[in-house]
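A.B. asks:
Numbering (the numbering used here), first residue to last: 2 to 280.
(1) Contact between the region 84-102 and the region 11-28 is defined here as three or more beta-carbon pairs at a separation below 8 Å; is this criterion met?
(2) What is the DSSP secondary structure of residue 114, counted as helix, strand or coil?
(3) Closer than 6 Å by C-beta to residue 178: which residues in its own chain qualify, once you throw out the five before and the five after it? Chain order, please.
(4) So, under 8 Å CB-CB, residue 2 and residue 31 are touching, yes? Tell me the CB distance rounded to an integer number of Å.
(5) Can you tell me which of the three DSSP states residue 129 falls into?
(6) If we ignore side chains and look at the alpha-carbon of each, how far apart do residue 136 and residue 15 end up?
(7) Cβ atoms of residue 175 and residue 216: under 7 Å apart, would you say?
(8) Along the chain, where does the beta strand (DSSP E) containing residue 188 start, and where does it finish?
(9) Mind reading off the beta-carbon distance from residue 187 to residue 124? Whole number of angstroms is fine, and I expect it under 8 Å.
(10) Let me make sure I understand the geometry here. Which of 259, 261 and 159 has the alpha-carbon closest to that of residue 211?
(11) Going by DSSP, which residues form a beta bridge with residue 35?
(12) With a threshold of 6 Å on Cβ separation, who are the neighbours of residue 55 within its own chain once the five nearest residues in sequence on each side are excluded?
(13) Relative to the C-alpha of residue 205, which candidate in 157, 61 and 180 has its C-alpha closest?
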């Protein structure tokens, strides 16, 4: 079997129905469907039972959090790859899995693109570098992950919302997992979910920093701390501006001021607008 699609749900009946319908209607059939429900009391179990003949495994019981539930899903999965499409997220169209697996990939982690429920486009990177993983993460709902990776390192269940980032960082940086992007829009991501709305991030950030300290060599870690602005005000300001949403406008103001000061001699370049920003 090629794929195990795993859906985690807790008291999200309507979102769960949308997710299920997008999965069971796929034209691609070489996959199994697994639902791990955290003991919902809102009628989610009734929705699951409606589609029970199209679901290969499901359970509804209390768990210890999102990543405990995800690990439970992995434990019963049989596919070569896993995809986590949690309740509220849904596949773009009925033949999207067919489009993805037409690429005949063998890499450890394969990612497509996604839309958000707010109408935004999120593109996976063409290549994944250490720098990319230290400052961001892969798009979890559109990631196809070889199940064998979980034999080496599972989701750390101490995390509340950043366990997927921890997982990807470990396997990309520590285990040198192979990566490939397929240029297919796979899913719509629900921005009202816990990963977007949770305010309890402090503990996760501390865990992530501990992971970085363990993954990076001391000499590399020193450069990383400088780059992240942990050592002085100048680098801290540079980092903040580099990742600010309004950086394009800040840069434009700086360019105008510098051109005025230098009488517009031509060596100040315009802000390089990327394709994703044009959209």
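For every residue, glycine included, the Cβ atom is placed at its ideal position computed from N, Cα and C.
C.D. replies: In short:
(1) Contact annotation: the region 84-102 touches the region 11-28, with at least three C-beta pairs closer than 8 Å.
(2) Here residue 114 refers to the residue found at position 113 of the chain shown. Strand, per DSSP.
(3) Position 177 of the chain shown, counting from 1, holds the residue named residue 178. Within its own chain, the residues whose Cβ lies closer than 6 Å to the Cβ of residue 178, once the five positions on either side in sequence are excluded, are 109, 110 and 172, listed in chain order.
(4) Reading the chain shown from its first residue, position 1 is the one you call residue 2. Reading the chain shown from its first residue, position 30 is the one you call residue 31. Going by Cβ atoms, the distance from residue 2 to residue 31 rounds to 6 Å, so yes, they are a contact pair.
(5) The count along the chain shown starts at 1 and reaches residue 129 at position 128. Looking at residue 129 - three-state DSSP - the assignment turns out to be coil, as it is neither helix nor strand.
(6) Reading the chain shown from its first residue, position 135 is the one you call residue 136. Reading the chain shown from its first residue, position 14 is the one you call residue 15. Answer to the nearest angstrom: the Cα atoms are 34 Å apart.
(7) Working through the chain shown from its first residue, we reach residue 216 at position 215. Working through the chain shown from its first residue, we reach residue 175 at position 174. Yes, the Cβ-Cβ distance between residue 216 and residue 175 is below 7 Å.
(8) What you label residue 188 is simply residue 187 of the chain shown in a count that begins at 1. Residues 180-190.
(9) In the chain shown, counting from the first residue as 1, residue 187 sits at position 186. In the chain shown, counting from the first residue as 1, residue 124 sits at position 123. The Cβ separation is near 12 Å, so there is no contact.
(10) Here the question's residue 211 lines up with position 210 in the chain shown. With distances taken between Cα atoms, residue 211 lies closest to 159.
(11) Here residue 35 is taken as the residue at index 34 of the chain shown, counted from 1. Under DSSP, the beta-bridge partners assigned to residue 35 are 7 and 58.
(12) Position 54 of the chain shown, counted from the first residue, corresponds to residue 55. Here the set comprises 25.
(13) Looking up residue 205 in the chain shown gives position 204. Per the Cα distances, 157.
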